[in-house]
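One structure is given below, encoded as structure tokens.
There are 2 protein chains.
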Amino acid sequence: MAKLVECIPNFSEGQRPEVIQQILAVIEGVEGVKLLDHSSDQSHNRSVVTFVGEPQAVKTAAFLAAEKAKALINMEEHQGEHPRMGATDVIPFVPIAGVTMEECVELARELGREIGEKLQIPVYLYEAAATRPERKSLPNVRKGEFEGMKESIHLPERQPDFGPARVHPTAGATAVGARPPLIAYNINLSTSDVNIAKAIAKAIRGSSGGYPSIKALGVMLEDRNVAQVTINVCNFREVPLHRVFEAVKTEASRYGVIITGSEIVGLVPMEALLDAAGFYLRLENFQRGQVLETRLSE
Amino acid sequence: MAKLVECIPNFSEGQRPEVIQQILAVIEGVEGVKLLDHSSDQSHNRSVVTFVGEPQAVKTAAFLAAEKAKALINMEEHQGEHPRMGATDVIPFVPIAGVTMEECVELARELGREIGEKLQIPVYLYEAAATRPERKSLPNVRKGEFEGMKESIHLPERQPDFGPARVHPTAGATAVGARPPLIAYNINLSTSDVNIAKAIAKAIRGSSGGYPSIKALGVMLEDRNVAQVTINVCNFREVPLHRVFEAVKTEASRYGVIITGSEIVGLVPMEALLDAAGFYLRLENFQRGQVLETRLSE
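Protein sequence lines, in the order shown, are assigned to chains X and B. If you count by our numbering, then the first sequence holds residues 1 to 298, one letter each, in order. If you count by our numbering, then the second sequence holds residues 1001 to 1298, one letter each, in order.
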């Protein structure tokens, strides 16, 4: 299978479709890049775009998109509920197939340097690409947002990794990074007691002592009268889907509750589901290349 | 995802590599066709070729391969342990993605007509493409083999579906059909008693009253001193992998035996593993298109 990297840039524009269309057009214009999804949020005034392709093609598309966003978006005029610091706010690279996290970190460095030098926008490397521990966290990087960073960017601890140490007057600043694929995974319980879902979420999530790469909340599906554990699996190679499922099943059993179903929201890498099949079928010596469909793009 | 059909023709030549190379060359020469595998057996004097692609491209490649085999293989000179009736002995089409069994049956009919008319080779439609119930079974179609069929082909019940009612003097006769993907699946037990594996195989296979689409035997893995149930899952949409696994697990428990592992031999359609993941994770509303990799060939 070919090398495959996913890129999910976020742009500070969610109200003018014609702006997003122009950004999508430059991405789609790059040979070897496939646009998978895009969505805009009016109140966040923000758009999220998902595309995949070979590493260099994906980097080229990300640069052209940042260049176009710089030309079309003025942060002085931007208002929205979501925290943001730049016209192109954040660009994560995600290894999907045949690519290591280290290669995505290198890709983030190359793109960061290019945006910094050619577009004169300050760039911060974050998550797996971070050059300082506190910059692994995107909220730390974005602290103060566009307006506040104008005052703080000259401080030593706020020096960008690439580009000038001043916020670009219209395009702001951009975070570029690398992270594992995120899987949005929800598990429904045989109860309408949301407190049970909350207790289970607390047991498994990193913020309360569970798996560091798991985020979880207990919520109520009002229309179905069902309590749900809604989960972000932030590193499925570290904590795979089956381990999340089995942990929720075990915690639920303490209340006499069972799992009635689960749901994957949006896209999921094939490997995450092959891993689950392999776990439950106790597969030995299984190679990804045995999946017929993977042979086609070799 | 694009329409994807697999084709696994068998040729009556397993000793002259140069003949197989010429057949492979015409297959690989067809735009949109991907050669996945080929293997030759000396004592069977037979070769099996696997390729995939869009339906019409796959049909074209199958016709060109049959034409080449007719030119290079003389059944009057062919000897081998495996039953056979033609230079191109059998051509099954298998629906893999975005294609129904009915479309593969239609593809088999089109190819059968073309081989019958243009190559003047008698063609029998078999399995899902069969025009008579007794022709669903390939051994019935091949009864008497190349030599015997010269005498029997004029009988009303032996009339071919396409082509002349006489065995071609050098190329013999060909069976063309459609069938589901076959998955070779082995399950290892926590015992060295092969009789337990045999009893479990008997419980699940169609020939002794189990699932009609399951073939199974109990065998001994001498090098590991492990008893194994070796299985052909002939229709995974009818009897999926998880049902086979759970049936073996249940039968084994009666002997105090557990499943220590399982193994998929060769290729497997992605859908078979997604189905297993979906079963064990109790996935609701899962769409194949949520698998990131399936979006790439859209």
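Glycine is no exception: its CB is placed at the ideal position from the N, C-alpha and C atoms. Since the model is a prediction, treat every value here as computed from it, not as a measurement.
Exercise. Does the Cβ-Cβ distance between proline 1055 (chain B) and valine 1099 (chain B) come in under 8 Å?
Worked result: Here residue 1055 (chain B) refers to the residue found at position 55 of the second sequence. Here residue 1099 (chain B) refers to the residue found at position 99 of the second sequence. Yes, these two residues count as a Cβ contact at 8 Å.
Exercise. Any C-beta of chain X sitting closer than 8 Å to the C-beta of leucine 1036 (chain B)?
Worked result: On the second sequence, position 36 is the one that residue 1036 (chain B) refers to. The beta carbon of leucine 1036 (chain B) falls within 8 Å of a beta carbon belonging to chain X, placing the residue at that interface.
Exercise. Chain X beta carbons: is any one of them nearer than 8 Å to that of leucine 1182 (chain B)?
Worked result: Here residue 1182 (chain B) refers to the residue found at position 182 of the second sequence. Not one chain X Cβ lies under 8 Å of leucine 1182 (chain B).
Exercise. Do you know offhand how far glutamate 1251 (chain B)'s Cα is from serine 190 (chain X)'s?
Worked result: On the second sequence, residue 1251 (chain B) is found 251 positions in, with the first residue counted as 1. On the first sequence, residue 190 (chain X) is found 190 positions in, with the first residue counted as 1. Between the C-alpha atoms of glutamate 1251 (chain B) and serine 190 (chain X) there is a straight-line separation of about 30 Å.
For this session: Using the Cα positions of serine 1262 (chain B) and asparagine 1010 (chain B), report the straight-line distance between them to the nearest angstrom.
Result: Within the second sequence, numbered from 1, the residue matching residue 1262 (chain B) stands at position 262. Within the second sequence, numbered from 1, the residue matching residue 1010 (chain B) stands at position 10. Roughly 28 Å separates the two Cα atoms.
Exercise. With distances taken between CB atoms, is the gap from isoleucine 1183 (chain B) to valine 1233 (chain B) smaller than 8 Å?
Worked result: In the second sequence, counting from the first residue as 1, residue 1183 (chain B) sits at position 183. In the second sequence, counting from the first residue as 1, residue 1233 (chain B) sits at position 233. Yes; because the gap between Cβ atoms is below 8 Å, this pair is in contact.
For this session: Pull up the CB-CB distance for proline 269 (chain X) and leucine 1292 (chain B), whole angstroms please, since I reckon it's below 8 Å.
Result: Numbered from 1 along the first sequence, position 269 holds the residue referred to as residue 269 (chain X). Numbered from 1 along the second sequence, position 292 holds the residue referred to as residue 1292 (chain B). Indeed, because the Cβ distance is near 5 Å, the residues count as touching under 8 Å.
Exercise. If you draw a straight line from the alpha carbon of isoleucine 121 (chain X) to that of glycine 177 (chain X), how long is it in whole angstroms?
Worked result: As a working note, residue 121 (chain X) is residue 121 in the first sequence. As a working note, residue 177 (chain X) is residue 177 in the first sequence. Approximately 15 Å between the Cα atoms of the pair.
For this session: Over the uninterrupted alpha helix (DSSP H) stretch that includes arginine 1113 (chain B), give me the two end residues.
Result: For the purposes of this step, residue 1113 (chain B) is taken as residue 113 along the second sequence, with counting starting at 1. Element bounds for arginine 1113 (chain B): 1101-1119.
Exercise. For valine 1239 (chain B), which of B:Thr1050, B:Val1048, B:Val1167 and B:Pro1181 has the nearest alpha-carbon?
Worked result: For this step, residue 1239 (chain B) is matched to residue 239 along the second sequence. Considering only alpha carbons, the answer is B:Pro1181.
For this session: Work out the CA separation of leucine 273 (chain X) and phenylalanine 1245 (chain B) for me, nearest whole Å.
Result: Taking the first residue of the second sequence as 1, we reach residue 1245 (chain B) at position 245. Taking the first residue of the first sequence as 1, we reach residue 273 (chain X) at position 273. When only Cα atoms are considered, phenylalanine 1245 (chain B) and leucine 273 (chain X) end up about 17 Å apart.
Exercise. If the cut is a Cβ gap below 8 Å, which residues of chain X does valine 1291 (chain B) touch?
Worked result: Here residue 1291 (chain B) is taken as the residue at index 291 of the second sequence, counted from 1. Those are Leu267, Val268, Pro269, Met270 and Leu273, listed as they occur along chain X.
Problem set entry | leucine 107 (chain X) versus lysine 59 (chain X) - alpha carbon distance | By one-based count along the first sequence, residue 107 (chain X) stands at place 107. By one-based count along the first sequence, residue 59 (chain X) stands at place 59. Cα to Cα, the separation comes out at about 7 Å.
For this session: Step through the CB atoms of chain B and report whether any lies within less than 8 Å of the CB of glutamate 238 (chain X).
Result: Walking along the first sequence from the start, residue 238 (chain X) turns up at place 238. So, not an interface residue.
For this session: Using DSSP bridges, identify the partner residues of alanine 1173 (chain B).
Result: Working through the second sequence from its first residue, we reach residue 1173 (chain B) at position 173. Alanine 1173 (chain B) pairs with nothing; no bridge assigned.
For this session: Please compile the residues from chain B whose C-beta is within a distance smaller than 8 Å of the C-beta of arginine 302 (chain X).
Result: The structure shown does not extend to residue 302 (chain X), since chain X is modelled only from 1 to 298, so the question has no answer here.
Exercise. What residues are listed by DSSP as bridge partners for arginine 1046 (chain B)?
Worked result: Locating residue 1046 (chain B) in the second sequence gives position 46, counting from the first residue. Within the DSSP bridge table, the entry for arginine 1046 (chain B) names B:Asp1041 as partners.
Exercise. When the cut-off is 8 Å and only beta carbons count, does glycine 261 (chain X) lie next to chain B?
Worked result: Here residue 261 (chain X) corresponds to residue number 261 of the first sequence, with the count starting at 1. Yes, contact with chain B.
Exercise. Of all the residues that make up the segment 275-286 of chain X, which are near chain B by a beta-carbon distance shorter than 9 Å?
Worked result: Against chain B - using a Cβ distance shorter than 9 Å - the residues of the segment 275-286 of chain X are Asp275, Ala276, Ala277, Gly278, Phe279, Tyr280, Leu281, Arg282, Leu283, Glu284, Asn285 and Phe286.
Exercise. Is the number of C-beta pairs between the segment 1163-1172 of chain B and the segment 1060-1080 of chain B that are closer than 8 Å three or more?
Worked result: Using a Cβ-Cβ distance cut-off of 8 Å, the segment 1163-1172 of chain B and the segment 1060-1080 of chain B are in contact, since at least three pairs of beta carbons, one from each stretch, lie closer than that value.
Exercise. Along the chain, where does the alpha helix (DSSP H) that runs through glycine 1148 (chain B) open and close?
Worked result: On the second sequence, residue 1148 (chain B) is found 148 positions in, with the first residue counted as 1. Where glycine 1148 (chain B) is concerned, the enclosing alpha helix (DSSP H) stretches over 1145-1152.
Problem set entry | histidine 242 (chain X) classed as buried or exposed, judged by whether at least 16 other C-beta atoms fall within 10 angstroms | As a position in the first sequence, residue 242 (chain X) is number 242, starting the count at 1. Counting every other CB atom within 10 Å of its CB across the protein chains shown gives histidine 242 (chain X) a total of 16 or more, marking it as buried.
Exercise. Whose CA, out of B:Gly1148, B:Leu1024, B:Arg1135 and B:Phe1162, lies closest to the CA of alanine 1036 (chain B)?
Worked result: Here the question's residue 1036 (chain B) lines up with position 36 in the second sequence. Note that residue 1036 (chain B) corresponds to leucine in the displayed sequence, not to alanine. Distances from the alpha-carbon of leucine 1036 (chain B) to those of B:Gly1148, B:Leu1024, B:Arg1135 and B:Phe1162 put B:Leu1024 closest.
For this session: Determine the extent of the beta strand (DSSP E) in which leucine 1189 (chain B) is found, giving its start and end residues.
Result: On the second sequence, residue 1189 (chain B) is found 189 positions in, with the first residue counted as 1. Residues 1183-1189.
For this session: Measuring alpha carbon to alpha carbon, tell me which of X:Ile91, X:Tyr185, X:Gly218 and X:Ile214 ends up nearest leucine 265 (chain X).
Result: Taking the first sequence and counting its residues from 1, one reaches residue 265 (chain X) at position 265. Per the sequence shown, residue 265 (chain X) should be read as valine rather than leucine. Measuring from the Cα of valine 265 (chain X), the nearest candidate turns out to be X:Tyr185.
Exercise. Quick check: the segment 1003-1017 of chain B against the segment 1034-1052 of chain B, are there 3 or more CB pairs under 8 Å?
Worked result: A contact exists between the segment 1003-1017 of chain B and the segment 1034-1052 of chain B.
Exercise. Would you call the CB atoms of proline 160 (chain X) and valine 123 (chain X) closer than 8 Å?
Worked result: Position 160 of the first sequence, counted from the first residue, corresponds to residue 160 (chain X). Position 123 of the first sequence, counted from the first residue, corresponds to residue 123 (chain X). Result yes, Cβ atoms of proline 160 (chain X) and valine 123 (chain X) sit closer than 8 Å.
For this session: Mark serine 1043 (chain B) as exposed unless 16 or more other C-beta atoms lie within 10 angstroms of its C-beta, in which case mark it buried.
Result: Translated into the one-based positions of the second sequence, residue 1043 (chain B) becomes position 43. Of the residues assessed, serine 1043 (chain B) falls on the exposed side of the cut-off, its CB having fewer than 16 other CB atoms within 10 angstroms.
For this session: Consider the Cβ of isoleucine 1264 (chain B): report whether some Cβ of chain X lies at a distance smaller than 8 Å.
Result: Locating residue 1264 (chain B) in the second sequence gives position 264, where the first residue counts as 1. By this cut-off, isoleucine 1264 (chain B) is an interface position.
Exercise. Mind pulling the chain B residues with CB within less than 8 Å of alanine 97 (chain X)?
Worked result: Walking along the first sequence from the start, residue 97 (chain X) turns up at place 97. By Cβ distance, chain B contributes Glu1293.
For this session: Give the residues of chain X in contact with serine 1241 (chain B), contact being defined as C-beta atoms less than 9 Å apart.
Result: Translated into positions along the second sequence, residue 1241 (chain B) becomes position 241. Sequence inspection shows leucine at residue 1241 (chain B); the serine mentioned does not correspond to that position. Listed along the chain, the chain X residues whose CB falls inside 9 Å of the CB of leucine 1241 (chain B) are Ala277 and Leu281.
Problem set entry | Where the segment 1151-1169 of chain B meets chain X: residues whose CB sits under 7 Å from a CB there | The segment 1151-1169 of chain B vs chain X, Cβ under 7 Å: nothing.
For this session: Please determine, among B:Gly1256, B:Leu1283 and B:Lys1249, the residue with the shortest C-alpha to C-alpha distance to arginine 282 (chain X).
Result: Taking the first sequence and counting its residues from 1, the one referred to as residue 282 (chain X) is at position 282. Taking arginine 282 (chain X) as reference, the option from B:Gly1256, B:Leu1283 and B:Lys1249 with the minimal CA-CA separation is B:Lys1249.
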